[in-house]
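Here the structure is laid out as structure tokens; the discussion comes afterwards.
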Amino acid sequence: MANVQTFKATAHLQDGVKVITKARQFELIIDEPTNLGGTDTGMNPVEALLASLGACQSIVARVYASKFEVVLDDFRVEVEGDLDLDGFFNRSDVRPGYSDIRYTFYIKTSSSEEKVESFVQFLESKCPVGDTISNPVNTKLNRVIIENGISL
């Protein structure tokens, strides 16, 4: 039986390229660095994507470590990606998104290397953000609502 849950978030453009994003009761400011036209008050969207991947992998690690008898004394992820800005700025036909994303797990543990390897293989297969990035997802514009400022 399927157990599908719908998650929602909103993004509200402010001055310049600053965006206030909300999900449930939480807010996150997304902005661009000054050299990309922003005010540098928050991560930019592609940095937030990398951070989301690392956070998701960390959460999966915490949830499943005991199943693999892996003791997590410390766990962190460093994530980096290559993006050709010419795609975003419409200067060439290269894709505007990441071409490559790499990550490194730093695991402080007393558990055996064999257990850690099995654990990491499982972890990589269960991270929803990693799966979303790695596999095609159906994305579509639902609708456009033109708000003309006239109240009824």
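In this text, residue positions in the sequence shown follow my numbering: the first is 802, and each later residue adds one. A virtual CB, placed ideally from N, CA and C, is assigned to each residue, including glycine. Here the structure is a predicted model, which is why all the values come from computation and not from measurement.
Ordered along the chain, which non-local residues of its own chain (more than five positions away) have a Cβ less than 6 Å from that of TYR907?
Position 106 of the sequence shown, counting from 1, holds the residue named residue 907. The answer, listed in chain order, is ARG877.
Closest to THR840 by C-alpha separation, out of LYS819, VAL917, LEU884, would be which residue?
Position 39 of the sequence shown, counted from the start, is the residue given in the question as residue 840. The candidate whose alpha carbon is nearest that of THR840 is LYS819.
Is it buried or exposed for ALA824, if we count other Cβ within 10 angstroms and need 16 for buried?
The count along the sequence shown starts at 1 and reaches residue 824 at position 23. Counting every other CB atom within 10 Å of its CB across the protein chains shown gives ALA824 a total below 16, marking it as exposed.
Whether or not the region 841-857 and the region 910-921 are in contact is what I'm after, with contact meaning three or more pairs of Cβ atoms, one per stretch, closer than 8 Å; do they touch?
At 8 Å Cβ cutoff, the stretches do not touch.
Is it the case that the Cβ atoms of SER893 and ASP901 are separated by a distance below 8 Å?
Stepping through the sequence shown from its first residue, residue 893 is reached at position 92. Stepping through the sequence shown from its first residue, residue 901 is reached at position 100. Cβ atoms of SER893 and ASP901: not closer than 8 Å.
By Cβ distance, which residues of its chain are closer than 6 Å to ASP885, with the 5 residues on each side in sequence left out?
Along the sequence shown, read from residue 1 onward, the residue named residue 885 stands at position 84. Excluding residues within five positions, the ones whose Cβ falls inside 6 Å are VAL895.
Just list the alpha helix (DSSP H) runs in the region 818-878, keeping only unbroken ones of 4 residues or longer that don't cross its boundaries, in chain order.
Runs of alpha helix (DSSP H) with 4 or more residues, each lying fully within the region 818-878, are found at 846-865, listed in chain order.
CA-to-CA distance, VAL861 to LYS927, given in whole angstroms:
To locate residue 927, count along the sequence shown from 1; it is residue 126. To locate residue 861, count along the sequence shown from 1; it is residue 60. Put simply, the backbone Cα of LYS927 is about 7 Å away from that of VAL861.
Beta-carbon contacts of ASP874 that lie in its chain and below 8 Å, excluding the five residues immediately before and after:
Stepping through the sequence shown from its first residue, residue 874 is reached at position 73. Scanning its chain for C-beta atoms nearer than 8 Å, with the 5 sequence neighbours on each side dropped, one finds around ASP874 the residues LYS909, THR910, SER911, in chain order.
Mapping DSSP to helix, strand and coil, what is VAL880?
The residue you call residue 880 lines up with position 79 of the sequence shown. In the structure shown, VAL880 sits in a strand (DSSP, three-state: E or B).
Every unbroken alpha helix (DSSP H) inside the region 908-952 [4 residues or more]
Correct list: 914-927, 929-935.
In three-state DSSP terms, what is ASP894?
Counted from its first residue, the sequence shown places residue 894 at position 93. In this structure, ASP894 counts as coil in the three-state DSSP scheme.
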